[in-house]
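In what follows, a single structure is set out as structure tokens and then discussed.
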Amino acid sequence: MNDVPKILGKVPFDIQREVAQKEMPNEELPFLRPTMIKENCELAGFEPEAISYVQSVASQISTVPDLKYLLWYCHCLLCHSSSYSRGDVCNWVPLTNLLGELAGAFYLLVTLSGIPEAKKFHQIRRIPAKVLQETYSDTWIWVNDYKDKHNTWGIDLNIIPWLFNHLSGELYRLGRLQFVPRPFGQKIRVFRKRKKREVVVLSEGNVKFSGD
629 MNDVPKILGK VPFDIQREVA QKEMPNEELP FLRPTMIKEN CELAGFEPEA
679 ISYVQSVASQ ISTVPDLKYL LWYCHCLLCH SSSYSRGDVC NWVPLTNLLG
729 ELAGAFYLLV TLSGIPEAKK FHQIRRIPAK VLQETYSDTW IWVNDYKDKH
779 NTWGIDLNII PWLFNHLSGE LYRLGRLQFV PRPFGQKIRV FRKRKKREVV
829 VLSEGNVKFS GD
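In this note's numbering, the protein residues as written are 629 to 840.
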């Protein structure tokens, strides 16, 4: 597809080569199959009507080779390239002129395509199923936000990098809050008693606090 550079912007040559090594399957793309779409959407908490809509859009894309290739290329950039900057997704073309109201659903399919690999990664980490459901449910929240603005289900390009934080294991949702599993750099000290396991948090000096 010659229009890829126009749609996705300039992709560095080394990343192009990396993506080219992931040969597109001759048969139907796994993440366009109705059963996999249903499984991925249900894990993210989608309603049945929305799942049927996404399946319908996937069926249409499957019949257009150029769109199918573009979807595969986007999937490879986000799921199989360790050096591609997810922030560059915000520079992708929205595809509204090409797909009309289906444009948001196209990029939603790109997002959902990352769930199967994410599940494998999270299983290795032994992340509980309930935590995964809560984490992936953020996708459904943003899909509804898109629907409120465009009267159809989809995802905004600027949200995709955020959602891939969940899929890459960099962000987890626990109840109402979301957490990044990495060293905490703020000026506090945390202590826990060995026997009673009680936790005490103390602030270091010269730290200002707001009223709330």
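Each residue gets a CB set at the ideal place from its N, CA and C atoms; glycine is no exception.
Counted as a single uninterrupted DSSP element, the alpha helix (DSSP H) harbouring Leu760 occupies residues 757-778.
Taken through DSSP and simplified to helix, strand or coil, Arg820 comes out as strand.
Annotation: the continuous beta strand (DSSP E) that includes Phe807 extends over 805-807.
Contact annotation: the region 776-784 touches the region 718-735, with at least three C-beta pairs closer than 8 Å.
Take the alpha-carbon of Ser741 and the one of His703: they are about 7 Å apart. Here Val682 has Ile665, Cys669, Phe674, Ala733, Leu736, Leu737, Leu740, Trp781 as same chain residues with Cβ atoms under 8 Å from its own Cβ, once five neighbours each way along the sequence are excluded. For Tyr712, there is no enclosing alpha helix (DSSP H), as DSSP marks it with neither H nor E. In the three-state reduction of the DSSP assignment, Val828 falls in the strand class, which pools E and B.
Phe819 counts as exposed, since fewer than 16 other beta carbons sit within 10 angstroms of its beta carbon.
In the three-state DSSP reduction, Leu802 falls in the strand class (E or B).
In chain order, Leu799 place their CB closer than 6 Å to the CB of Gln806, counting only its own chain and leaving out the 5 sequence neighbours on each side. By the C-beta criterion, the region 651-665 is judged to be in contact with the region 693-707, since at least 3 inter-stretch pairs fall below 8 Å. CA-to-CA, the gap between Asn719 and Ser713 works out to about 11 Å. Straight through space, the alpha carbons of Lys823 and Trp770 are spaced by roughly 43 Å.
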